[in-house]
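There are 2 protein chains.
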Amino acid sequence: GHGRAHHHARRGPGTAEDQLSRTVQALKIYSTAVAPEWIDYNRHLRDGYYGLVMSLACDALMDRLGLDASYRAQTGCTLFTLEEHLHFLHEVEQTDQLDVCVRILGADRKRIHAAFDFHTARYADPVATGELMLLHVHQGESTGAAPFPPPVMAAIEALKAATAGITPPGPGSRRLELRSR
Amino acid sequence: GHGRAHHHARRGPGTAEDQLSRTVQALKIYSTAVAPEWIDYNRHLRDGYYGLVMSLACDALMDRLGLDASYRAQTGCTLFTLEEHLHFLHEVEQTDQLDVCVRILGADRKRIHAAFDFHTARYADPVATGELMLLHVHQGESTGAAPFPPPVMAAIEALKAATAGITPPGPGSRRLELRSR
Numbered sequence: 549g550h551g552r553a554h555h556h557a558r559r560g561p562g563t564a565e566d567q568l569s570r571t572v573q574a575l576k577i578y579s580t581a582v583a584p585e586w587i588d589y590n591r592h593l594r595d596g597y598y599g600l601v602m603s604l605a606c607d608a609l610m611d612r613l614g615l616d617a618s619y620r621a622q623t624g625c626t627l628f629t630l631e632e633h634l635h636f637l638h639e640v641e642q643t644d645q646l647d648v649c650v651r652i653l654g655a656d657r658k659r660i661h662a663a664f665d666f667h668t669a670r671y672a673d674p675v676a677t678g679e680l681m682l683l684h685v686h687q688g689e690s691t692g693a694a695p696f697p698p699p700v701m702a703a704i705e706a707l708k709a710a711t712a713g714i715t716p717p718g719p720g721s722r723r724l725e726l727r728s729r
Numbered sequence: 549g550h551g552r553a554h555h556h557a558r559r560g561p562g563t564a565e566d567q568l569s570r571t572v573q574a575l576k577i578y579s580t581a582v583a584p585e586w587i588d589y590n591r592h593l594r595d596g597y598y599g600l601v602m603s604l605a606c607d608a609l610m611d612r613l614g615l616d617a618s619y620r621a622q623t624g625c626t627l628f629t630l631e632e633h634l635h636f637l638h639e640v641e642q643t644d645q646l647d648v649c650v651r652i653l654g655a656d657r658k659r660i661h662a663a664f665d666f667h668t669a670r671y672a673d674p675v676a677t678g679e680l681m682l683l684h685v686h687q688g689e690s691t692g693a694a695p696f697p698p699p700v701m702a703a704i705e706a707l708k709a710a711t712a713g714i715t716p717p718g719p720g721s722r723r724l725e726l727r728s729r
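As they're listed, the protein sequences go chains C and H.
In terms of this note's numbering, the first sequence is residues 549 to 729.
In terms of this note's numbering, the second sequence is residues 549 to 729.
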C-alpha cells in the first residue's frame with residue numbers, strides 16, 4: 549500500500565511555498581534521498597520505509613538533545629520506542645527528497661512524545677505525518693526506564709517550548725477504525 | 549528507540565507454548581529472519597524495520613486475497629496504505645525469526661483494516677502488534693478509490709470471519725499521548 553489516492557495542494561510558487569520554506573528550515577531535523585530499493589510495485593515509496601526514515605530522523609533528534617553515540621557509550625542509556633503512528637498523505641517518488649521536521653508534543657522525566665512531518669518540494673502540505681513515544685532506558689543486566697539527566701531534560705524542554713505550539717501541518721495520531729464515508 | 553524496557557512472559561515449555569504454536573500456525577501470513585543490517589546501536593531490531601516487515605506481511609496478505617502481481621497488472625488496481633500504528637513490546641534480536649499473524653478487524657467495499665501480530669520463539673506474547681488501514685485504488689491518469697471485485701470481497705469476508713473474533717494477543721492502535729505513570 550502506500551500513499552493517499554487523492555491528490556491536492558500540489559506545490560506552486562507564492563505564499564504557500566514561502567511558508568513551507570520557512571517552516572522546513574526552522575524545524576528540519578533530517579533529510580534524505582529516496583533510495584531506489586525503497587520504491588515498490590506501486591512505483592512509489594513503500595509504506596514500510598517511512599518508518600525507517602522516521603527512525604533515522606529520531607537518531608538526528610537524539611544527537612540534537614545530547615543523547616548521541618558518546619552519551620550512549622558513557623551512560624549505557626538510550627531511547628526505546630514504545631509506540632508509533634503514521635498517516636500517509638501523498639505518494640513519494642524516487643526523485644523526491646524527504647525533509648523531516650520535528651515537534652516535541654510532550655515530555656516527562658523519562659519520556660518524549662515527538663511528531664515528525666515529512667515534506668517534499670512537490671507539495672505544500674506534508675506527504676506524511678508520524679508520531680513516536682520514546683522511553684529513556686538504561687541497558688544492561690536489568691534494563692529499565694531511567695530519568696533524563698538535567699542537561700538533556702533542559703534540551704528537551706527548550707525544543708518543546710520552540711515547537712509544541714506550532715500548528716500541526718497534518719493529522720495527528722489516532723486509533724485506527726473504519727468509519728463510514 | 550525500539551522495544552519495551554520491561555521483560556516478562558519469556559516463553560517456556562507447556563501450555564503457553566502449545567497455544568502459541570497453534571495460533572501462529574493458524575493465522576501466520578509471513579515469516580522472516582532478521583537481517584544483520586536491521587540491528588541498530590541498541591543491539592536489537594531497529595524500530596523502523598518493524599514497519600517494513602509489516603509491509604512485506606501485507607504483500608503476503610494481498611497474495612492471499614487475490615490482489616497479487618497478476619491482479620495488479622491486469623486491473624491497474626492495488627492497495628494504498630492510509631494509516632499505520634505499531635506497539636513495540638519486546639526487543640527482537642538478530643537470531644530471532646519473526647512470524648507475523650494477520651487478523652481482519654474490518655472491511656468495506658474499498659477498505660481493509662488489518663492487524664498484524666509479531667511473534668518470536670522466545671516470548672509467548674507478541675513482540676510487537678501493528679495495524680494498517682488499506683484502500684483499494686485504481687492507479688493511472690486519475691488515481692482514485694475503487695471497489696473490490698466480488699471474488700476479492702469474498703476472500704476478505706472469509707478471512708475476516710475466520711480472524712476478526714480472535715482475542716487480540718496484544719494492545720490495539722490508539723492516539724499517542726503522555727499519560728502519568
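For glycine and all other residues, C-beta sits at the position ideal for the given N, C-alpha and C.
Closest by C-alpha distance to residue i, when choosing among the options
i, options, result
"R591 (chain H)", "C:D611, C:T626, C:S579", "C:T626"
"R727 (chain C)", "H:E705, H:M681, H:L600, H:W586", "H:M681"
"R612 (chain H)", "H:L683, H:H633, H:V650, H:G654", "H:V650"
"K576 (chain C)", "C:Y589, C:L604, C:G599", "C:L604"
"D673 (chain C)", "C:P716, C:D616, C:A706", "C:P716"
"Y619 (chain H)", "H:A706, H:A712, H:E689, H:F696", "H:F696"
"R659 (chain C)", "H:Y589, H:P584, H:E725", "H:E725"
"L707 (chain H)", "H:M610, H:A621, H:E689", "H:M610"
Chain-order list of residues whose beta-carbon lies under 6 Å from that of residue i (same chain, five-residue window excluded)
i, result
"V675 (chain H)", "L637, H638, V640, F666, T668"
"A679 (chain C)", "Rather than Ala, the amino acid found at residue 679 (chain C) in this sequence is Glu. So the list reads H633, A663, S721, once near-sequence residues are dropped."
"I714 (chain C)", "R651"
"L630 (chain C)", "M681, L683"
"Y598 (chain C)", "L634, A676"
Counterpart residues of residue i in DSSP-defined beta bridges
i, result
"I704 (chain H)", "For I704 (chain H), which the question treats as bridged, DSSP gives no partner whatsoever."
"M681 (chain C)", "C:E631, C:H661"
"G654 (chain C)", "C:H661"
"H686 (chain H)", "H:C625, H:G692"
"H667 (chain C)", "C:D647"
"L609 (chain C)", "DSSP lists no partner for L609 (chain C)."
Assigned secondary structure, residue i (DSSP; H/G/I helix, E/B strand, else coil)
i, result
"Q622 (chain C)", "helix"
"A693 (chain C)", "strand"
"V601 (chain C)", "helix"
"D647 (chain H)", "strand"
"T580 (chain C)", "strand"
"A709 (chain H)", "helix"
"L726 (chain C)", "coil"
"L637 (chain C)", "coil"
"A676 (chain C)", "strand"
"G718 (chain C)", "coil"
"L593 (chain C)", "strand"
Own chain residues within Cβ distance below 7 Å of residue i, not counting five before or after
i, result
"V685 (chain C)", "C625, T626, F628, T691, G692, A693, A694"
"G614 (chain H)", "P699, V700, A703"
"T635 (chain C)", "For the record, residue 635 (chain C) in the displayed sequence is His; it is not Thr. Contacts found: A676, T677, G718, P719."
"A505 (chain H)", "No answer is possible for residue 505 (chain H): it lies beyond the span of chain H, which begins at 549 and ends at 729."
"L593 (chain H)", "H550, V582, W586, I587, V640"
"Q687 (chain H)", "G624, T626"
"A712 (chain H)", "R651, I652, L653"
"P584 (chain C)", "Q642"
Own chain residues within Cβ distance below 8 Å of residue i, not counting five before or after
i, result
"V601 (chain H)", "Y578, T580, L646, V648, F666"
"H661 (chain H)", "I652, L653, G654, A655, E679, L680, M681, L682"
"C606 (chain C)", "L627, T629, A662, F664, L680, L682"
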